[in-house]
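**Student:** Residue numbers (my numbering): 19 to 463. We put the CB at the ideal spot given by N, CA and C, even for glycine. I'd like to ask you about the structure that follows.
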Ligand code: SAH
Ligand code: SF4
Ligand code: F3S
């Protein structure tokens, strides 16, 4: 596989879909320079770590990843080691000072410059490029997949940054102000991806509900979504992340109206307690969240709803935490991602005392996760015996001859079947449900 004329890049990605998307674009930008992506860092002459700083733990992972690459750097003189993403933006030059074997620090708004910056590092040595682009002339990175190289599912950015400033969150500090991408550009990218084999697209942004790139008006996202859903060649559309305060009744109705829109909604609630939500500056109360869920389920009773939750936000009492448990019981989320509150530099909540003791945070997280695991199992078990439409994403991680794909509600399905290719849509009869996934066999194609 290793060829003397080829150059190899290894990209390690932490964090959310934005980073996953940006890592794919980085690889594409490096292709004209002769780089090919590899999964073994030992082969690479360029290593990029695309980082997340949403919690202290996410940031700590960056230093351990960089430590892991130090021996490679010592062995190979021509190896360039770079940090991209949110920790790069947050730390900037300080990262170069703290990590002597690091060559490049690249903020998220400078990814397009990556090819020149790699050359510049080779010619002149270590450098940092951070800071935000002007909102008016922000240029979104365009996907340029190889022919048939898009994979069955693809991410499409519709918005960058965030203007919400939830009290605990560092994202607006490291991703800058919210900018909506022009609708024509998005539709053209969807067409490029379907031409390269994608059958499903997920529209991504930190708060897609406040998208304003169509007519510059409220509910632009609803209009964009119906245009995307009507694009030829596309079987499925998803979007993430939705913010409850901007989740409109019109958007809820889309779930009942758009045939290609999947019955899946990621709607982070963070807490079930209105007083905690107010301290978090989320802009909605428990009742408003429940109303959004009711609208969405009215339009689409099958809808699988997932969420994000934080335990131990400053001042969270036992009674407030119990409201989160009761909300989870009430909504019966298909899944949830839950985290212990982590104080982040420069955020409004960093000025509050981080006063929930670590052992209380750990116990609350454990309780919440135990509850969610039970609900998830029950929800998955209800699908046993059903025939679900699955979009094939590739071989299963379980190995053997099994394939893997997702049901419309985003549940992972491992299954057996003969002569089936990635990107095909098949009907799978569900035979068993586990803690986080389903399994079965192809009933028909
Ligand atoms: N834009 C999305 C979330 C992006 S960050 C939204 O508004 O819902 C992903 C998740 O990280 C958040 O939903 C939240 O649950 C979590 N998170 C953000 N800041 C955090 C912090 N300081 N400590 C712990 N978790 C945090
Ligand atoms: Fe962070 Fe809030 Fe923006 Fe989500 S909406 S990215 S939690 S500031
Ligand atoms: Fe993390 Fe940055 Fe995403 S902080 S959650 S990678 S926007």
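(1) Provide the residue(s) that pair with residue 434 in DSSP beta bridges, ordered along the chain.
(2) Please state the DSSP three-state secondary structure of residue 339.
(3) To which residues of the same chain is residue 301 closer than 6 Å at the C-beta, ignoring the five residues directly before and after it?
(4) Residue 325 to residue 353, Cα distance in whole Å?
(5) Hey, how far is the Cα of residue 19 from the Cα of residue 414?
(6) Go to residue 422, then tell me how far its beta strand (DSSP E) extends in each direction, as first and last residue.
(7) Kindly indicate which three-state DSSP category residue 268 falls into: helix, strand or coil?
(8) Just how far apart, CA to CA, sit residue 358 and residue 281?
(9) For residue 354, list the residues DSSP reports as bridge partners.
(10) What does the alpha-carbon distance come out to for the pair residue 320 and residue 457?
(11) Taking 8 Å as the cut-off, decide whether the C-beta atoms of residue 226 and residue 257 are in contact.
(12) For residue 341 and residue 40, what's the separation of their Cα atoms in angstroms?
(13) Classify residue 379: buried if its beta carbon has 16 or more other beta carbons within 10 angstroms, exposed otherwise.
(14) Figure out for me which residue from 123, 185, 402 has the closest Cα to the Cα of residue 2.
(15) Say the cut is 7 Å; is the CB of residue 184 nearer than that to a heavy atom of ligand 2?
(16) Cβ-heavy atom distance between residue 208 and ligand 1 below 7 Å?
(17) How many angstroms separate the CA atom of residue 247 from the CA atom of residue 48?
(18) Taking just the CA atoms, how far does residue 266 sit from residue 365?
(19) Can you check whether the CB of residue 411 is closer than 8 Å to the CB of residue 434?
(20) State the DSSP-derived secondary structure class of residue 108, mapped to helix, strand or coil.
(21) Report yes or no: do three or more beta-carbon pairs, one from the segment 279-297 and one from the segment 224-240, lie closer than 8 Å?
(22) Under a Cβ-count criterion, where at least 16 other Cβ atoms within 10 Å of its own Cβ denotes burial, should residue 51 be classed as buried or exposed?
(23) Is residue 302 near ligand 5, in the sense that its beta carbon is under 7 Å from a heavy atom of that ligand?
(24) Rounded to whole angstroms, what's the CA-CA distance from residue 141 to residue 86? Just pull it up for me.
**Tutor:** Reading it off the structure:
(1) Along the chain shown, read from residue 1 onward, the residue named residue 434 stands at position 416. 459.
(2) To locate residue 339, count along the chain shown from 1; it is residue 321. Note: residue 339 maps to helix in three-state DSSP.
(3) Sequence index remark: in the chain shown, residue 301 carries index 283 (1-based). Here the set comprises 263.
(4) As a first step, residue 325 is located in the chain shown; it is residue number 307 there, counting from the start. As a first step, residue 353 is located in the chain shown; it is residue number 335 there, counting from the start. Each residue's alpha carbon lies about 7 Å from the other.
(5) Counting from one through the chain shown, the residue named residue 19 turns up at place 1. Counting from one through the chain shown, the residue named residue 414 turns up at place 396. Its pLDDT being 48, under 50, residue 19 is placed unreliably in this model, and the value from its coordinates should be taken loosely. Each residue's Cα considered, the two are about 24 Å apart.
(6) Within the chain shown, numbered from 1, the residue matching residue 422 stands at position 404. Segment 421-424, the beta strand (DSSP E) holding residue 422.
(7) As a working mapping, residue 268 is identified with position 250 in the chain shown. Helix at residue 268.
(8) Here residue 358 refers to the residue found at position 340 of the chain shown. Here residue 281 refers to the residue found at position 263 of the chain shown. So the two alpha carbons sit approximately 29 Å from each other.
(9) As a first step, residue 354 is located in the chain shown; it is residue number 336 there, counting from the start. Bridge partners of residue 354: 325.
(10) Start at 1 with the first residue of the chain shown, and residue 320 comes out as number 302. Start at 1 with the first residue of the chain shown, and residue 457 comes out as number 439. Near 19 Å, if we compare the C-alpha coordinates of residue 457 and residue 320.
(11) Looking up residue 226 in the chain shown gives position 208. Looking up residue 257 in the chain shown gives position 239. In contact: residue 226 and residue 257 (Cβ atoms closer than 8 Å).
(12) What you label residue 341 is simply residue 323 of the chain shown in a count that begins at 1. What you label residue 40 is simply residue 22 of the chain shown in a count that begins at 1. When rounded, the distance between both Cα atoms is 37 Å.
(13) Sequence index remark: in the chain shown, residue 379 carries index 361 (1-based). Buried.
(14) Residue 2 lies beyond the stretch modelled for the chain, which goes from 19 to 463, so this question has no answer here.
(15) Walking along the chain shown from the start, residue 184 turns up at place 166. Yes, the beta carbon of residue 184 sits closer than 7 Å to at least one heavy atom of ligand 2.
(16) By one-based count along the chain shown, residue 208 stands at place 190. No.
(17) Along the chain shown, read from residue 1 onward, the residue named residue 247 stands at position 229. Along the chain shown, read from residue 1 onward, the residue named residue 48 stands at position 30. So the two alpha carbons sit approximately 31 Å from each other.
(18) Counting from 1 along the chain shown, the entry for residue 365 is found at position 347. Counting from 1 along the chain shown, the entry for residue 266 is found at position 248. Whole-angstrom Cα-Cα distance: 28 Å.
(19) Indexing the chain shown from 1 puts residue 434 at position 416. Indexing the chain shown from 1 puts residue 411 at position 393. Going by C-beta atoms, residue 434 is not nearer than 8 Å to residue 411.
(20) In the chain shown, residue 108 corresponds to position 90, counting from 1. Helix.
(21) No: fewer than three Cβ pairs fall under 8 Å.
(22) Residue mapping note: residue 51 aligns to position 33 of the chain shown, counting from 1. Residue burial annotation: residue 51 is exposed, with fewer than 16 other C-beta atoms found within 10 angstroms of its C-beta.
(23) Among the ligands present in this structure, namely ligand 1, ligand 2 and ligand 3, ligand 5 is not found.
(24) One-based indexing of the chain shown puts residue 141 at position 123. One-based indexing of the chain shown puts residue 86 at position 68. When rounded, the distance between both Cα atoms is 25 Å.
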